[in-house]
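There are 2 protein chains.
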Amino acid sequence: MQKNYLLTPGPTPLPPYVRQALSKEIIHHRTPQFQAILKDVEDNLKYIFQTKNDVFIFASSGTGAMEAAVANTISANDKVIVIEGGKFGQRWTELNKVFGADIELVQVEWGKAVEPEKIKEILDKDKSIKAVFATQCETSTGVVTDIQALAKIIKDTNAILIVDAISSLGAIDLKTDEWSVDMVVSGSQKGLMLPPGLGFISVSAKAYKLIETCKNPRYYFDLRLAKKALDKNDTPFTPAITTIVALNEVLKNMCSETLEVIFARNKKLADAVRQTMIALGLELFTTLQDTSDAVTAVKVPQGVDGVKLVKTMRDECNVAIAGGQAHLKGKIFRIAHMGFIREDDLKVGIKTLEEVLSRMGYKFEKDIGLKTIEKFLN
Amino acid sequence: MQKNYLLTPGPTPLPPYVRQALSKEIIHHRTPQFQAILKDVEDNLKYIFQTKNDVFIFASSGTGAMEAAVANTISANDKVIVIEGGKFGQRWTELNKVFGADIELVQVEWGKAVEPEKIKEILDKDKSIKAVFATQCETSTGVVTDIQALAKIIKDTNAILIVDAISSLGAIDLKTDEWSVDMVVSGSQKGLMLPPGLGFISVSAKAYKLIETCKNPRYYFDLRLAKKALDKNDTPFTPAITTIVALNEVLKNMCSETLEVIFARNKKLADAVRQTMIALGLELFTTLQDTSDAVTAVKVPQGVDGVKLVKTMRDECNVAIAGGQAHLKGKIFRIAHMGFIREDDLKVGIKTLEEVLSRMGYKFEKDIGLKTIEKFLN
Numbered sequence: 004m005q006k007n008y009l010l011t012p013g014p015t016p017l018p019p020y021v022r023q024a025l026s027k028e029i030i031h032h033r034t035p036q037f038q039a040i041l042k043d044v045e046d047n048l049k050y051i052f053q054t055k056n057d058v059f060i061f062a063s064s065g066t067g068a069m070e071a072a073v074a075n076t077i078s079a080n081d082k083v084i085v086i087e088g089g090k091f092g093q094r095w096t097e098l099n100k101v102f103g104a105d106i107e108l109v110q111v112e113w114g115k116a117v118e119p120e121k122i123k124e125i126l127d128k129d130k131s132i133k134a135v136f137a138t139q140c141e142t143s144t145g146v147v148t149d150i151q152a153l154a155k156i157i158k159d160t161n162a163i164l165i166v167d168a169i170s171s172l173g174a175i176d177l178k179t180d181e182w183s184v185d186m187v188v189s190g191s192q193k194g195l196m197l198p199p200g201l202g203f204i205s206v207s208a209k210a211y212k213l214i215e216t217c218k219n220p221r222y223y224f225d226l227r228l229a230k231k232a233l234d235k236n237d238t239p240f241t242p243a244i245t246t247i248v249a250l251n252e253v254l255k256n257m258c259s260e261t262l263e264v265i266f267a268r269n270k271k272l273a274d275a276v277r278q279t280m281i282a283l284g285l286e287l288f289t290t291l292q293d294t295s296d297a298v299t300a301v302k303v304p305q306g307v308d309g310v311k312l313v314k315t316m317r318d319e320c321n322v323a324i325a326g327g328q329a330h331l332k333g334k335i336f337r338i339a340h341m342g343f344i345r346e347d348d349l350k351v352g353i354k355t356l357e358e359v360l361s362r363m364g365y366k367f368e369k370d371i372g373l374k375t376i377e378k379f380l381n
Numbered sequence: 004m005q006k007n008y009l010l011t012p013g014p015t016p017l018p019p020y021v022r023q024a025l026s027k028e029i030i031h032h033r034t035p036q037f038q039a040i041l042k043d044v045e046d047n048l049k050y051i052f053q054t055k056n057d058v059f060i061f062a063s064s065g066t067g068a069m070e071a072a073v074a075n076t077i078s079a080n081d082k083v084i085v086i087e088g089g090k091f092g093q094r095w096t097e098l099n100k101v102f103g104a105d106i107e108l109v110q111v112e113w114g115k116a117v118e119p120e121k122i123k124e125i126l127d128k129d130k131s132i133k134a135v136f137a138t139q140c141e142t143s144t145g146v147v148t149d150i151q152a153l154a155k156i157i158k159d160t161n162a163i164l165i166v167d168a169i170s171s172l173g174a175i176d177l178k179t180d181e182w183s184v185d186m187v188v189s190g191s192q193k194g195l196m197l198p199p200g201l202g203f204i205s206v207s208a209k210a211y212k213l214i215e216t217c218k219n220p221r222y223y224f225d226l227r228l229a230k231k232a233l234d235k236n237d238t239p240f241t242p243a244i245t246t247i248v249a250l251n252e253v254l255k256n257m258c259s260e261t262l263e264v265i266f267a268r269n270k271k272l273a274d275a276v277r278q279t280m281i282a283l284g285l286e287l288f289t290t291l292q293d294t295s296d297a298v299t300a301v302k303v304p305q306g307v308d309g310v311k312l313v314k315t316m317r318d319e320c321n322v323a324i325a326g327g328q329a330h331l332k333g334k335i336f337r338i339a340h341m342g343f344i345r346e347d348d349l350k351v352g353i354k355t356l357e358e359v360l361s362r363m364g365y366k367f368e369k370d371i372g373l374k375t376i377e378k379f380l381n
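Which chain is which? The protein sequence lines are A and B, in order. So the numbering used here is basically just the index in the first sequence, starting at one, shifted up by 3. So the numbering used here is basically just the index in the second sequence, starting at one, shifted up by 3.
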């Protein structure tokens, strides 16, 4: 039996107590027993989302919750701003196109973060803009967007701010209420350390106003139905019972560990990985300032086949990292440091990366990677 | 530690091998390892769906797959027939309303099955009808609809037949291709013995034609995106990895047991339960002819509080059966006999039912229930 190391930005490894919760006898969802779990989950989700707003849970992956954000707020021809600097920003664009939005597209070079001032300029010129769509951690590039700065700009306008926090919730800081973020979308398989299959969305009072007047056809992701059910501590349709039972355990653990401790750990791991990459002579895909503490993207060095690198590490060494997506395929690799990923997992990952890079002809000081990560983690 | 008995029509009990599969280490979904699982799942799903058509898997509950059926085929003002004889028939109506369909509503008294001839009359008069929506096993009433007869009528018309088989797939017979059923919708937590969180839909060539011309906004449930991904043995969005891994185990087991054996077992259990109810002097909610082998609905006898009956069995005796929904609340109870529900589970269920009914003042020959079910199961 080989031990497997999962260092991908979703799914992330499942803690043993999650796997145990998933393997429990199933219970019926229309029972006081499950209602008590839903109640605890709702309370603890508010802590993780840093909000007093309602947080809804869908039986879907994160993209389902992204669809809920668009389908419930944006009617055909509504003006929106989409900040697009990677594959998941593109998903906001695609969703807005599907629902007929009039899109002001702010394209940002992949690997760079948006300048919040740009959004201010557009909003200043056009008071009819209904919403701004952003991605906190763009998983495809490792870039973190300054949500606090965006929120400050958007707060007193007519627009709402909708943030994809799928790979950042519970991994890096997102002060939903303090910063005034109207909708925060997330998923279960990243910072929350669960299998994929739950989508989340928080909704501010300002966002609820758009929901009431929105004309899109919607049913499974209809937040009006979800709200009616939530107020009775229920779900409109059969929930993903087993994953919610495991979520309850995750949230209890995260609340007791505290977000501060979790964010500090991820930052320490992220810093160590980034310094190690630099020590290996590799180039980060983003600047140190724009890089997310959830995932680090690194340029594949000249002369190395990036697709083969990821494949070899996975198939021959049992270490799963992520490659590049779309036009970055083969050009970058990505290492996650969030959720249940711990120091030793990253040490194994770095050791394996060194071995495989070396085999592929890349030159560097022997063991400098492992030495560096050990230095930064001790 | 009390042993719990789950006799509800969804979720149904999880076999031990499912719980074990759910507790495995998670694997990444964009890997040859997961692709091999998806391939096996797709092949074996075709056996369970009795079709050569594509079968799509969504990370959603069954209602999500119902939305996929409507959102991908019915544009605003399209004419449809909805057969509505219970809570899940109503869901077809609600979904069609949301997407703006012009609905010819065929209301059937709850507890009765539709007369297929009625559908023929409507289709004969109106050639512009695009689709007929039916429910094979109406979980809220225990009624089974004669899908074969409906399919025979619809086959040579312009309309497609869309069947909610959420609580019937893998529980009772549904010959998708032989009968010509265009879309079969299902979920994971009934006959497939999994936690909720997977929605399924099969699509015929006739249905694909409607999908191409349908004008509804759709993304998460867009079958065009799903088809593009399926052809590459992939999913458009992150799949519910863990549940699919467990589904793979379920399907292997079901294929090796064969549908014939599974259907025969459910029929034997269903017959035994129904004969037991009659022996107890209770009245079935449906005629013996219209009753489904997946779930039996029984009228709560005069003088007994139906809500309390279900609650007492669950909270004091650890036996979960289902009560009535909507206007049937307190008036019927429902016992499932599908999936991993076995003879001994039902014996415990009947024994408990007798005890609680007796405590609540209902008179019957002592132990006649247990004696009857034992007779029919031996």
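Just so it is clear, CB atoms sit at the ideal spot from N, CA and C, and this is done for glycine as well. It should be emphasised that the depicted structure is a prediction, and the values quoted were computed from it without experimental measurement.
Which residues in chain B sit within 9 Å of residue i, going by Cβ to Cβ distance?
{"i": "A323/A", "result": "I30, H31 and T34"}
In the DSSP assignment, find the unbroken beta strand (DSSP E) run with residue i in it and report its ends.
{"i": "K6/A", "result": "No beta strand (DSSP E) holds K6/A; DSSP gives it neither H nor E."}
{"i": "I335/A", "result": "I335 to A339"}
{"i": "A68/A", "result": "Not the beta strand (DSSP E): A68/A falls in the alpha helix (DSSP H), residues G65 to A74."}
{"i": "I163/B", "result": "I163 to D167"}
Over what stretch of residues does the alpha helix (DSSP H) that includes residue i continue unbroken?
{"i": "I150/A", "result": "I150 to I157"}
{"i": "K311/B", "result": "G309 to C320"}
{"i": "K123/B", "result": "P119 to K128"}
{"i": "L356/A", "result": "E346 to R362"}
{"i": "K49/B", "result": "P35 to F52"}
{"i": "L373/A", "result": "I371 to L380"}
{"i": "Y20/B", "result": "P19 to L25"}
Closer than 9 Å by beta-carbon distance: list the chain A residues that pair up with residue i, in chain order.
{"i": "G65/B", "result": "F240 and T241"}
{"i": "P14/B", "result": "I29, I30, H31, H32, T241, I244 and T245"}
{"i": "L226/B", "result": "Under the 9 Å cutoff, chain A gives no residues; its nearest Cβ is about 14 Å from L226/B."}
Since residue i contacts residue j with CB under 8 Å, what's their CB separation in whole angstroms?
{"i": "W113/A", "j": "T144/A", "result": "5 Å"}
{"i": "L197/B", "j": "L233/B", "result": "In fact, because the Cβ distance is near 20 Å, the residues do not count as touching under 8 Å."}
{"i": "D185/B", "j": "S170/B", "result": "That pair is no contact at about 20 Å."}
{"i": "G333/B", "j": "G309/B", "result": "4 Å"}
{"i": "T241/A", "j": "S189/B", "result": "About 13 Å; that fails the 8 Å criterion."}
State the beta-bridge partners of residue i as determined by DSSP.
{"i": "F61/A", "result": "G202/A"}
{"i": "Q110/A", "result": "E87/A"}
{"i": "G326/B", "result": "F336/B"}
{"i": "E141/B", "result": "V146/B"}
{"i": "F136/A", "result": "V85/A and I165/A"}
{"i": "D105/B", "result": "K82/B"}
Quick one: which chain B residues come within Cβ less than 7 Å of residue i?
{"i": "Q192/A", "result": "T241"}
{"i": "S26/A", "result": "R22, Q23, L25 and S26"}
{"i": "G200/A", "result": "A62, G200, A243 and T246"}
{"i": "N7/A", "result": "E28"}
{"i": "R362/A", "result": "Near R362/A there are no residues of chain B at all, since even the closest Cβ is about 21 Å away, more than 7 Å."}
Just to make sure I have the definition right: I need the residues of chain A whose C-beta is within less than 7 Å of the C-beta of residue i. Which are they?
{"i": "Y223/B", "result": "S63, T66, G67 and E70"}
{"i": "F102/B", "result": "P220"}
{"i": "T279/B", "result": "In chain order: nothing, as chain A lies at least about 22 Å away."}
Please compile the residues from chain A whose C-beta is within a distance smaller than 8 Å of the C-beta of residue i.
{"i": "L98/B", "result": "Y222"}
{"i": "L349/B", "result": "Residues of chain A passing the Cβ test: none, with the nearest at roughly 17 Å."}
At 8 Å on the CB atoms, spell out the chain B contacts of residue i, in chain order.
{"i": "T315/A", "result": "Result: empty, since nearest Cβ-Cβ is about 13 Å, beyond 8 Å."}
{"i": "T11/A", "result": "H31"}
{"i": "L331/A", "result": "What L331/A touches in chain B: nothing, since even the nearest Cβ is about 14 Å away."}
- Item | Entirely enclosed alpha helix (DSSP H) segments - the segment 170-223 of chain B, minimum 4 residues | 179-182 and 208-216
- Enumerate, from N- to C-terminal direction, the unbroken beta strand (DSSP E) stretches of 3 or more residues contained entirely within the segment 233-316 of chain A. 298-302
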